[in-house]
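One structure below.
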Amino acid sequence: MPIINPVSSPTPQIAPQAAPILDVVRFERVGLRYGRGPEILSDVNMRLGRGSFTFLTGPSGAGKSTLLKLCYMALKPSRGLISLFENDISVMSRKEEQATKRRVGVVLQDFRLIDHLSVFENVALPLRVSGQNRADYTRDIVELLQWVGLDHRMNALPPTLSGGEQQRAAIARAVIAKPDLLIADEPTGNVDPAIGRRLLRLFSEMNRMGTTVLIATHDIDLIREMPADTLRIEKGRLLEGLHEGAHL
Amino acid sequence: MSQTPENVTAQPLLSAKSDNARSLIIVLAIMAFLAALALLFALSTDRMRKDWQGELGRSATVQIMVDSPELRDTQIDTAVRVLKTAQPNATILPLSEAESQSLLRPWLGNLDLPDDLPLPVLISVNLKNGESLSPTRLNSALSEEGLIAEVDDHSRWSDQIGRSAQGLKASALALLALIFGAGIAVSAFATRAALSAQRDVIRVLVQVGAEDGFIARLFIKQAGLRGLKGGVIGVVLGLITALFLSLRRNAETALLPDLGLSISDGLYLIVLVVGFACVCALAAGVTTFRLLRRERRRA
């Protein structure tokens with residue numbers, strides 16, 4: 038499916054019978070610096086189309102995590118335009134911002150599980166925040182925890198879990214609300230290869246159901262296993278993009 | 029083996045262990061205790077003022093200057109007749125000489141007064157409820173009978189007592205307001221500390237899309253419950269103290285208001301507890317919104 042790239046094409050041409058295409062993520066000349074320091078990200082142009090599956094690779098310190106932070110609005114750019122779901126984030130109200138965040142599932146390297154809540158409660162968090170009834174989601178969570186292999190640990194507190202278990206709990210929390218955009222930072226970094234493949238299947242399955250997936254990873258095996266677009270970042274600049282959904 | 033969720037209801041999102049909940053409740057309980065005593069004092073003072081003013085307002089004292097001891101009884105009879113005519117429903121009671129002398133004891137002590145010391149005749153006039161008395165009219169009526177009389181309707185004392193009692197009541201209410209102000213400050217301070225202690229939780233909540241109102245509600249509920257707990261403990265202790273003081277009340281402390289309780293006092297105390305909890309919750313809500321906004325601006 039052709040995707041119009043407004044950055045490279047000043048006069049976009051849409052095929053007359055093509056369905057309207059939603060840019061889930063769009064970066065235009067995005068730059069980020071802290072204070073008066075040097076730019077950590079420079080002139081990032083990127084588009085993730087709806088339903089795309091994209092890997093973001095690059096060496097450590099290249100800016101992968103920072104780029105992801107911009108995608109899930111944990112940071113604001115110093116310059117340029119970022120739009121999520123076709124909405125410019127710089128003009129979003131607080132309410133719109135939080136509503137947008139509810140459409141985004143995030144798996145971070147430090148997991149960010151709440152220590153005094155059980156695995157079940159941690160996973161339920163996005164659903165509680167969006168005001169859903171416990172009775173309506175209990176079964177879904179139990180099923181998801183079975184899928185990620187944590188059903189026997191659902192009442193455990195995060196500090197008692199291994200790194201891999203915490204990672205799986207964080208992934209379950211990111212996907213439980215069936216987000217439109219899933220962002221994961223090294224999601225298979227702490228798990229054994231079998232679990233890693235299983236998690237990748239979960240992401241793939243979600244992608245098949247329409248979720249746009251962006252995964253930052255070093256894991257070449259993971260990239261090889263999954264036929265998907267790849268973006269490479271080095272020294273704060275995006276270098277290449279393989280299609281179909283992701284565009285430089 | 030597969031499990032089921034242990035808790036039927038959702039676990040609280042804010043950790044109770046991460047802040048000094050117990051210390052905070054103790055502080056709030058002490059404040060509620062002081063607030064309860066201040067409120068009971070204000071209510072009792074008001075009640076005492078009404079009682080005293082009511083009693084004074086329903087009575088008057090007529091003072092007759094007797095020309096000579098021989099005429100004393102005749103003048104008393106005349107005065108009583110005049111007073112009965114003027115106030116037919118009132119109880120007219122002339123004080124005996126001994127009673128009149130006893131009234132001087134606070135000033136003169138237990139001295140044997142000389143027999144020729146001219147003491148005025150005092151006549152107590154006790155009115156029925158709703159009845160009024162005009163000192164001027166009574167004075168004229170008594171003068172017409174040739175009596176040198178002075179009618180004191182106690183309004184001077186009544187006004188003074190009223191002003192004093194109002195002052196005490198206002199002081200107690202000011203103290204109550206101060207305690208509520210301190211409650212706001214304590215709750216805001218505690219919320220600030222809790223927000224800091226629960227920073228990681230808030231960061232996660234913000235990341236999963238929780239709105240400020242959702243986060244504020246967590247702190248409002250927590251502060252409200254703590255205010256309620258502290259309020260109940262403090263008010264119960266205040267009640268016990270008030271009852272104890274009321275039971276220990278004797279002639280020496282009779283001028284102090286009796287902190288004895290009425291049903292309306294109980295209702296006021298319930299309002300106090302609820303108000304205290306609401307104030308704590310409100311302070312927590314305002315603080316949370318303000319700090320979240322500030323954090324956002326900083327980010």
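Each protein sequence line maps, in turn, to chains B and V.
Quick note, the working numbering runs 37 ahead of the 1-based positions in the first sequence.
Quick note, the working numbering runs 28 ahead of the 1-based positions in the second sequence.
We put the CB at the ideal spot given by N, CA and C, even for glycine.
It should be emphasised that the depicted structure is a prediction, and the values quoted were computed from it without experimental measurement.
For alanine 38(V), the chain B residues whose C-beta falls within less than 8 Å of its own C-beta are Glu158, Ala161, Arg165 and Arg171, listed in chain order. If you draw a straight line from the Cα of alanine 114(V) to the Cα of glutamate 159(V), it comes to about 12 Å.
In the same chain as glycine 200(B), and ignoring 5 residues on each side of it, the C-beta atoms closer than 8 Å to its own belong to Asn227, in chain order. Nearest CB-CB separation between glutamine 135(B) and chain V: below the 8 Å threshold. The Cβ of glycine 237(V) sits closer than 8 Å to at least one Cβ of chain B. Taken atom to atom, the span from the alpha-carbon of aspartate 125(B) to that of glutamate 134(B) is near 10 Å. Secondary structure at phenylalanine 61(V): helix, using DSSP grouped into helix, strand and coil.
Contact annotation for phenylalanine 242(V) against chain B: Val166 [CB-CB distance below 7 Å, chain order]. With a 10 Å radius around the Cβ and a threshold of 16 neighbouring Cβ atoms, phenylalanine 272(V) comes out exposed.
A direct Cα-Cα distance of roughly 5 Å separates proline 163(V) from valine 179(V).
Around the beta-carbon of glycine 174(V), fewer than 16 other beta-carbon atoms lie within 10 Å, marking it exposed.
Proline 230(B): member of the alpha helix (DSSP H) spanning 230-245, first to last residue. Contacts with chain V at 8 Å (Cβ-Cβ) do not include serine 115(B). Under the DSSP assignment, isoleucine 77(B) falls in the beta strand (DSSP E) whose first and last residues are 76-86. Setting aside the 5 residues that flank it on each side, aspartate 80(B) is surrounded in the same chain by Arg66, Val67, Gly68, Gly117 and Arg274, each with a C-beta closer than 8 Å to its C-beta; the list follows chain order. Distance between aspartate 105(V) and leucine 84(V), taken at the CA atoms: about 24 Å. In the structure shown, the three-state DSSP call for glycine 142(B) is strand.
Identification of residues in the segment 137-150 of chain B having a C-beta nearer than 9 Å to some C-beta of chain V yields Thr137, Lys138, Arg139, Arg140, Val141, Gly142, Val143, Leu145, Arg149 and Leu150, given in sequence order. Isoleucine 92(V) and alanine 193(V) have their C-alpha atoms some 32 Å from each other. Per DSSP, reduced to three states, the secondary structure at alanine 221(B) is strand. Close CB contacts of leucine 147(V) within its chain, under the 6 Å cut and outside five residues either way in sequence, are with Ser128 (chain order). In the DSSP assignment, glycine 262(V) falls within the unbroken alpha helix (DSSP H) covering 240-275.
Comparing alpha-carbon positions, the option among Phe64(B), Ala206(B), Arg235(B) and Leu259(B) lying closest to aspartate 147(B) turns out to be Ala206(B). Here the C-alpha atom of serine 152(V) lies approximately 56 Å from the C-alpha atom of glycine 252(V). A Cβ of chain V is located within less than 8 Å of the beta carbon of arginine 131(B). Between alanine 265(B) and phenylalanine 122(B) a beta carbon distance of about 21 Å is seen, past the 8 Å cut, so the two are scored as non-contacting. In the three-state DSSP reduction, glutamine 226(V) falls in the coil class, being neither helix nor strand.
About 6 Å separates the beta carbon of isoleucine 243(V) from that of leucine 320(V), a gap short enough to meet the 8 Å contact definition. When the alpha-carbon of arginine 75(V) is set against those of Arg86(V), Ser292(V), Ile298(V) and Ala64(V), the nearest one is in Ser292(V). Unbroken beta strand (DSSP E) runs of no fewer than 3 residues, entirely contained in the segment 68-125 of chain V, are found at 87-93 and 119-122, following chain order. Using a Cβ-Cβ cut-off of 8 Å, asparagine 192(B) counts as an interface residue toward chain V, since at least one Cβ of chain V sits closer than that to its own. Secondary structure at arginine 149(B): coil, using DSSP grouped into helix, strand and coil. In the structure shown, the three-state DSSP call for asparagine 167(V) is helix. Taking 9 Å as the upper bound on Cβ-Cβ separation, chain V lies near no residue of the segment 233-258 of chain B.
In the displayed model, serine 152(V) falls within a strand according to three-state DSSP.
Under DSSP, no beta-bridge partner is assigned to alanine 111(B).
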